[in-house]
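Each residue of the sequence shown is one higher than the one before, starting from 1 at the first, in UniProt numbering.
Just so it is clear, CB atoms sit at the ideal spot from N, CA and C, and this is done for glycine as well.
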Amino acid sequence: MTTTFETLGIPSALMRSLEKRGITAPTPIQEMAIPVALTGKDLFASAATGSGKTIAYLIPVLANLMEDKESSALILAPTRELAQQINDEILKLINHAAPFKIALLIGGRPYFKQEIDLRKTPRFIVGTPGRVRDHLERGTLKLEKTSYFILDETDRMLDLGFSDDLAAIAKKLPAQKQTLMFSATMSPTIEQMSKKWLTDPVHLAADTAMQPSQNIKEESVHVTTDRKFDTLLEALGQREGSVIVFVRTKIGAENLARKLRDEEHLAEAIHGDLPQRKRDRVIKSFRNQRSRIMVATDVASRGLDIPHIMHVINFDLPECAEDYIHRVGRTGRAGKEGFALSFISPEEKKFWRAIKKLSGGQDEDEGEERGSRRGPPRGRRSFSGPRNGSWKPKRRFGGPREGSGGERESFGGRREGFGGQREGFGGQRESFGGPRGYSANKRAPRFNKVD
Numbered sequence: 001m002t003t004t005f006e007t008l009g010i011p012s013a014l015m016r017s018l019e020k021r022g023i024t025a026p027t028p029i030q031e032m033a034i035p036v037a038l039t040g041k042d043l044f045a046s047a048a049t050g051s052g053k054t055i056a057y058l059i060p061v062l063a064n065l066m067e068d069k070e071s072s073a074l075i076l077a078p079t080r081e082l083a084q085q086i087n088d089e090i091l092k093l094i095n096h097a098a099p100f101k102i103a104l105l106i107g108g109r110p111y112f113k114q115e116i117d118l119r120k121t122p123r124f125i126v127g128t129p130g131r132v133r134d135h136l137e138r139g140t141l142k143l144e145k146t147s148y149f150i151l152d153e154t155d156r157m158l159d160l161g162f163s164d165d166l167a168a169i170a171k172k173l174p175a176q177k178q179t180l181m182f183s184a185t186m187s188p189t190i191e192q193m194s195k196k197w198l199t200d201p202v203h204l205a206a207d208t209a210m211q212p213s214q215n216i217k218e219e220s221v222h223v224t225t226d227r228k229f230d231t232l233l234e235a236l237g238q239r240e241g242s243v244i245v246f247v248r249t250k251i252g253a254e255n256l257a258r259k260l261r262d263e264e265h266l267a268e269a270i271h272g273d274l275p276q277r278k279r280d281r282v283i284k285s286f287r288n289q290r291s292r293i294m295v296a297t298d299v300a301s302r303g304l305d306i307p308h309i310m311h312v313i314n315f316d317l318p319e320c321a322e323d324y325i326h327r328v329g330r331t332g333r334a335g336k337e338g339f340a341l342s343f344i345s346p347e348e349k350k351f352w353r354a355i356k357k358l359s360g361g362q363d364e365d366e367g368e369e370r371g372s373r374r375g376p377p378r379g380r381r382s383f384s385g386p387r388n389g390s391w392k393p394k395r396r397f398g399g400p401r402e403g404s405g406g407e408r409e410s411f412g413g414r415r416e417g418f419g420g421q422r423e424g425f426g427g428q429r430e431s432f433g434g435p436r437g438y439s440a441n442k443r444a445p446r447f448n449k450v451d
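Written as structure tokens, this is what we have:
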């Protein structure tokens, strides 16, 4: 028999909220977690990003809060962006259900506004561990009536160094409560935490959380570090739709976004050093498709739920294999098709081997035997942007841009840092002059499909 939200036993008001948004059938993690959570049992669930886990815990918690008018819930998330999205998801669900008040406690926002929300006795408190702990220590947050404690992306909270904050928060919670812990990856530390904080929990795993969604088509290309940028330009020209490009450092994000803008791509950077207001602006611009490309560090690899993201490009491979799963999980969400492309430099082989070992796939040496080649893609006709007019084509400049200061010394007169004459991409490329020179009679680049 096909499982529906009705057969899961959720209130009709919540079903109407889901139906209004076109959500008619539960995902595997929702099908498994909702009935367990409705019984009041503690839950430890392993679920990949994009699997629908937010609704998996919000639905039963909302249903229970509707029954118990005196109770409240605390939800912790690793990043401001994820906390904001959880807050927004609650608002969407209660639109047709119940007028619950919510307090969003995240950094980068004024304390006094959050204190005003806390004085209104919110039924939901959503926040990051650091800011929630701050409010506890200031005496502006009381957790004595908290009946539901939810940890979303527990593994990421530990990765970001929130273990002390989590322990301090847990001490302030009442003994009698329901705890729901969700994590995309597993580790001995998380196992130990679950034994300490959960009481006789039910363990659930939706498929294999350590593998990308089956909706995501993975590709890889071996390329030297100094040719990555050209390979990226070529890949962007062959792809349509919104793109997240992941890099390893904050400076790298800013530099790459600037270079893409110099090539007339609509690109913006996001990383941990951006002020909250600017982070919000970058995300809003990307969400509203005013920018096509977001260059991000791993601060954005969790918590971003933007349906129109078609492509994830790993310009730099992550040093932590688990982060690869979360990066590519930004696409292919809610059953939609997505694409992930990874650049593998000789220095990054060890990271790629760890990624393939984690996901049970083929390592990069085996991939080379099947035709993977090193270096940049062979030349082809230059694309000025996605096809079908979905984005404006790039203009070609016959000389330096106005106000750029001549020949842009930071990149060299002929941009020697990217290969002098650039034979692999056809023709001699002078300083911002003439066409890009990709040869039309050469084969198109071939990216490896990841098995």
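Does residue i come out as helix, strand or coil in the three-state DSSP assignment?
| i | result |
| --- | --- |
| Lys145 | coil |
| Ile106 | coil |
| Lys172 | coil |
| Gly375 | Residue placement at Gly375 is flagged as unreliable, the pLDDT there being 38, under the threshold of 50; a coordinate-derived value is accordingly withheld. |
| Met15 | helix |
| Asn288 | coil |
| Lys336 | coil |
| Ile216 | strand |
| Met310 | strand |
| Ile10 | coil |
| Ser187 | coil |
| Ile112 | Just to set this straight, residue 112 is Phe in the shown sequence, not Ile. If DSSP states are grouped into helix, strand and coil, Phe112 belongs with the helices. |
| Ile150 | strand |
| Ser194 | helix |
| Ser163 | helix |
| Leu304 | coil |
| Ile125 | strand |
| His271 | coil |
| Val282 | helix |
| Pro393 | Note that Pro393 scores 37 on pLDDT, short of 50, meaning its location in the model is unreliable; the coordinates nonetheless yield the value given after this. Looking at Pro393 - three-state DSSP - the assignment turns out to be coil, as it is neither helix nor strand. |
| Val247 | coil |
| Leu136 | helix |
Cβ atoms of residue j and residue i: under 9 Å apart, would you say?
| i | j | result |
| --- | --- | --- |
| Thr179 | Trp197 | yes |
| Pro307 | Lys336 | yes |
| Leu76 | Met157 | yes |
| Glu268 | Met294 | yes |
| Thr189 | Ser345 | no |
| Leu38 | Asn64 | yes |
| Thr297 | Thr249 | yes |
| Asp305 | Phe246 | no |
| Ile169 | Leu136 | yes |
| Tyr148 | Val61 | yes |
| Pro174 | Thr146 | yes |
| Val299 | Thr79 | yes |
| Leu18 | Ile34 | no |
Within the same chain, show all residues whose beta-carbon is closer than 6 Å to that of residue i, passing over the 5 residues directly before and after it, in chain order.
| i | result |
| --- | --- |
| Leu104 | Asn87 and Val126 |
| Ala321 | Ala354, Ile355 and Leu358 |
| Val328 | Pro212, Ile216, Val312 and Ala340 |
| His265 | Ile293 |
| Gly252 | none |
| Val36 | Leu43 and Val202 |
What are the boundary residues of the alpha helix (DSSP H) that residue i is part of?
| i | result |
| --- | --- |
| Asn87 | Arg80 to Ile94 |
| residue 490 | Because the chain in this structure spans residues 1 to 451, residue 490 falls outside the shown range and cannot be described. |
| residue 461 | A query on residue 461 cannot be resolved here, the shown segment of the chain reaching from 1 to 451 and no further. |
| Ser345 | No alpha helix (DSSP H) holds Ser345; DSSP gives it neither H nor E. |
| Phe351 | Lys349 to Ser359 |
| Ala33 | Pro28 to Leu38 |
| Ile59 | Lys53 to Glu67 |
| Val328 | Ala321 to Val328 |
Cβ of residue i within 8 Å of any heavy atom in the ligand ZN?
| i | result |
| --- | --- |
| Phe351 | Looking for the ligand ZN in the displayed structure turns up nothing, as the structure carries no ligands at all. |
Between residue i and residue j, how many whole angstroms is the CB-CB distance? I'm expecting something under 8 Å.
| i | j | result |
| --- | --- | --- |
| Thr128 | Gly161 | At roughly 12 Å, the Cβ-Cβ gap does not stay under 8 Å, so Thr128 and Gly161 are not in contact. |
| Leu204 | Lys172 | Their Cβ separation, rounded to whole angstroms, is 27 Å, which puts Leu204 and Lys172 out of contact at 8 Å. |
| Ile94 | Ile59 | Their Cβ separation, rounded to whole angstroms, is 11 Å, which puts Ile94 and Ile59 out of contact at 8 Å. |
| Ala73 | Phe5 | Actually they do not touch by this definition, with Cβ atoms about 20 Å apart. |
| Met181 | Phe44 | 5 Å |
Please work out which residues of its chain come closer than 8 Å, Cβ to Cβ, to residue i, disregarding the five sequence neighbours upstream and downstream, and give them in chain order.
| i | result |
| --- | --- |
| Thr3 | Ala25, Pro26 and Glu31 |
| Glu319 | Arg248 and Phe351 |
| Arg277 | Gly108 |
| Leu91 | Ile102 |
| Glu347 | Thr225 |
Given residue i, which residues of its chain have a CB within under 7 Å of its CB, disregarding the five upstream and five downstream residues?
| i | result |
| --- | --- |
| Arg279 | Ile270 |
Could you tell me the boundaries of the beta strand (DSSP E) in which residue i lies?
| i | result |
| --- | --- |
| Glu5 | In the sequence on display, residue 5 carries Phe and not Glu. Taken as a continuous stretch (DSSP letters only), Phe5 belongs to no beta strand (DSSP E), as it is neither H nor E. |
| Ala206 | Careful: Ala206 lies outside any beta strand (DSSP E) and carries neither H nor E. |
| Ala45 | Leu43 to Ser46 |
| Ile23 | Element bounds for Ile23: n/a, residue is neither H nor E. |
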